[in-house]
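Following: one structure in structure tokens, then a few remarks.
2 protein chains.
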Amino acid sequence: MKMEQGMTADDATGTTPKAKPSRKNDPEGTRQDILEVATEEFASLGFSGGRVDAIAARTRTTKRMIYYYFGGKEELYLAVLEKVYGDIRAIENRLNLQNLDPEAAIRALIDFTFDYQEQHEDFIRLVSIENIHRAEHMKKSKAIANLNITVIDTLARILERGRAAGVFKADIQPIDLHLMISAFCFFRVSNRHTFNLIFHQNLAATDTRTRHKRMIADAIVSLLKTEAAGT
Amino acid sequence: MKMEQGMTADDATGTTPKAKPSRKNDPEGTRQDILEVATEEFASLGFSGGRVDAIAARTRTTKRMIYYYFGGKEELYLAVLEKVYGDIRAIENRLNLQNLDPEAAIRALIDFTFDYQEQHEDFIRLVSIENIHRAEHMKKSKAIANLNITVIDTLARILERGRAAGVFKADIQPIDLHLMISAFCFFRVSNRHTFNLIFHQNLAATDTRTRHKRMIADAIVSLLKTEAAGT
DNA sequence: GAGCTTTTTATCCTGTTCGTCCATTACCTC
DNA sequence: GAGGTAATGGACGAACAGGATAAAAAGCTC
Chain W
76 MKMEQGMTAD
86 DATGTTPKAK
96 PSRKNDPEGT
106 RQDILEVATE
116 EFASLGFSGG
126 RVDAIAARTR
136 TTKRMIYYYF
146 GGKEELYLAV
156 LEKVYGDIRA
166 IENRLNLQNL
176 DPEAAIRALI
186 DFTFDYQEQH
196 EDFIRLVSIE
206 NIHRAEHMKK
216 SKAIANLNIT
226 VIDTLARILE
236 RGRAAGVFKA
246 DIQPIDLHLM
256 ISAFCFFRVS
266 NRHTFNLIFH
276 QNLAATDTRT
286 RHKRMIADAI
296 VSLLKTEAAG
306 T
Chain L
76 MKMEQGMTAD
86 DATGTTPKAK
96 PSRKNDPEGT
106 RQDILEVATE
116 EFASLGFSGG
126 RVDAIAARTR
136 TTKRMIYYYF
146 GGKEELYLAV
156 LEKVYGDIRA
166 IENRLNLQNL
176 DPEAAIRALI
186 DFTFDYQEQH
196 EDFIRLVSIE
206 NIHRAEHMKK
216 SKAIANLNIT
226 VIDTLARILE
236 RGRAAGVFKA
246 DIQPIDLHLM
256 ISAFCFFRVS
266 NRHTFNLIFH
276 QNLAATDTRT
286 RHKRMIADAI
296 VSLLKTEAAG
306 T
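Residue numbers (our numbering), protein chains in the order written: chain W, 76 to 306; chain L, 76 to 306.
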């Protein structure tokens, strides 16, 4: 005979008179708990590879609660995506680079992007995963569509100041610049495993990291300072 | 009553006297057929998302053949990986850039990389997928480990010539340079979907493509020509 | 064409996986 | 504390997915 949770000592016919465990309701807590575990699961195994049962098992609650709070596997995955995107945008929006001189501002922005991507592998993985799915889940998200994107604006202002000051000569669009910066920082993390395997390098090593950070910053800055050559 | 394949006209009790279809054996053909369909399936849906049954259905043969020729889902996936990696390396190895002047050689290499990635989305997707799996499948592949990688060597020689000629002043390692080029070309394709969605751009558009190609080439070249600034 | 191996087809099996049903307990309001 | 709503737990089910079994046809060698 098993001692069930929720039984009172009186109910128990066994010889272990335990105090009633007495369940505590914690809606917001369970929600967060599920969301955190789900983030790890999906970031680690992808949407198809992630298992609802596995998530439930590592939660302090049960699978039923996932469906109660999120509706289903896909909605849970979407909630995860919205959370991680919300996080990075929130931080980006707090960046204040307008009191630095243009080159310093660009370097600071690259510095931030580089470090953030390096430290948030889960984010990188989730974005990669979502691209494998051709962003089909993200397309359904109103939260992500309404995210306030300030990086492009920030970049535009820096570029403008740089051109006005005569330091930046190249005619580069803010979005393209953002793409170039993101590409490098992202790729180092996202493609780390195959790259390490094929080229016998360790992209996670500290010295490699600092070298790469300087390289991408130098590349961007020298691009901006160089007059367009024309093709 | 159904008319079954393999029935002779005599066996058929129906009124349609068909000639015996008579099966043809085509081992290599079947193998290739499976491999091609599997490439599409895995590139499109990932390893976990890809379905053995779905592959079999789009093949002119049956699921049993997949197990007969490849052993299982994972081995089939590995065969796909080995094929696409083999393809790109084979082409890379045929590049001949040593009779171009250093800058032209670098630009030609970037041109090739850019176009290849742009045109082989399946390759990009499979590499992304494999990175989500932390390259655990690739690690098991002897074929990929033994691939002859010449890009780094090619780059090293170009850099050397450039430095000797006094055109390239920066002290950049070949692998790092390859990383930077790959990162940009790869990211444009791999992260196309989320990028388009968030920044309302179309990274697949032709004008965007040519603009980006020039930008990455300019960035690399100006990096190489610039003296290291130091931090 | 006999005998053997290779290639192919059709059917079945078992564990997994997402999702649901139903009952129970906590919490809040009056 | 009565009664209603929110939150929770555990077990069940139906579809699916990877793989295995058995047997037959094709092709090769002598």
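A virtual CB, placed ideally from N, CA and C, is assigned to each residue, including glycine. None of these values were measured; they are calculated from a predicted model.
Mind pulling the chain L residues with CB within less than 9 angstroms of residue i?
i              : result
N223 (chain W) : Ordered by position in chain L, no residue passes the 9 angstroms Cβ test against N223 (chain W), which lies about 11 angstroms from the chain.
Chain L beta carbons: is any one of them nearer than 8 angstroms to that of residue i?
i              : result
R263 (chain W) : yes
I130 (chain W) : no
R284 (chain W) : no
E205 (chain W) : yes
R232 (chain W) : no
L184 (chain W) : no
I295 (chain W) : yes
H287 (chain W) : yes
I163 (chain W) : no
Does the beta carbon of residue i come closer than 8 angstroms to any beta carbon on chain W?
i              : result
G124 (chain L) : yes
V202 (chain L) : yes
T301 (chain L) : yes
G121 (chain L) : yes
Residue i versus chain L: which residues are under 8 angstroms apart at the beta carbon?
i              : result
R209 (chain W) : H268
T188 (chain W) : Within chain L, no residue comes near T188 (chain W); the closest Cβ sits about 13 angstroms away, beyond 8 angstroms.
L153 (chain W) : Going along chain L, no residue has its Cβ under 8 angstroms from L153 (chain W), so there is no contact; the nearest lies around 13 angstroms.
Round the Cβ separation of residue i and residue j to the nearest angstrom and send it over; I've been treating them as touching at under 8 angstroms.
i              : j              : result
T269 (chain W) : N206 (chain L) : 6 angstroms
E302 (chain W) : A245 (chain W) : 7 angstroms
L156 (chain W) : S216 (chain W) : 7 angstroms
I291 (chain W) : F259 (chain W) : 5 angstroms
I109 (chain L) : T134 (chain L) : 6 angstroms
I219 (chain W) : Y160 (chain W) : 5 angstroms
Cβ closer than 9 angstroms: which chain W residues qualify as neighbours of residue i?
i              : result
F259 (chain L) : L254, M255, A258, F259, F262
I227 (chain L) : F274
Residues of chain W with CB under 7 angstroms from residue i, in chain order?
i              : result
K214 (chain L) : L272
Q276 (chain L) : I250
L298 (chain L) : D293, A294, S297
I181 (chain L) : Chain W residues near I181 (chain L): none, gap ~13 angstroms exceeds 7 angstroms.
Could you tell me which of the options sits nearest to residue i, measuring between CA atoms?
i              : options                        : result
D251 (chain L) : W:R289, W:G146, W:A220, W:T225 : W:R289
R263 (chain L) : W:A231, W:V296, W:G241, W:H253 : W:H253
V226 (chain L) : L:I291, L:G125, L:I181         : L:I181
V112 (chain L) : L:F259, L:A132, L:A218, L:E103 : L:A132
E149 (chain W) : W:A279, W:S123, W:I199         : W:S123
F58 (chain W)  : W:E103, W:I273, W:N271, W:I199 : With chain W covering 76 to 306 only, the question about residue 58 (chain W) has no answer from this structure.
R139 (chain W) : W:R106, W:K214, W:A179         : W:R106
T188 (chain W) : W:I166, W:H275, W:A279, W:T134 : W:I166
L230 (chain W) : W:P249, W:I224, W:R238         : W:P249
D228 (chain W) : W:Q194, W:L184, W:H212, W:G241 : W:L184
L272 (chain W) : L:G121, L:I224, L:E116         : L:I224
N100 (chain L) : L:Y142, L:T136, L:A239         : L:T136
L278 (chain W) : W:E196, W:K158, W:Q173, W:I141 : W:E196
F198 (chain W) : W:L170, W:F261, W:Y142, W:N171 : W:F261
M213 (chain W) : W:Q276, W:A154, W:F117, W:I130 : W:A154
For residue i, count the other beta carbons within 10 Å of its own beta carbon; 16 or more makes it buried, fewer makes it exposed. Which is it?
i              : result
P177 (chain L) : buried
V296 (chain L) : buried
A294 (chain L) : buried
T285 (chain W) : exposed
E235 (chain L) : exposed
H287 (chain W) : buried
N266 (chain W) : buried
T281 (chain W) : exposed
R200 (chain W) : buried
G125 (chain W) : buried
H208 (chain W) : buried
L299 (chain L) : buried
Q192 (chain L) : buried
G316 (chain L) : Look at the range of chain L in this structure, 76 to 306, and you will see that residue 316 (chain L) is not part of it.
A179 (chain W) : exposed
A240 (chain L) : exposed
Starting from residue i, find everything on chain W with Cβ-Cβ shorter than 8 angstroms and list it in chain order.
i              : result
I343 (chain L) : For chain L, the structure presents residues 76 to 306; residue 343 (chain L) sits outside this window and is missing.
L170 (chain L) : The contacting residues do not exist; L170 (chain L) stays about 17 angstroms from chain W at best.
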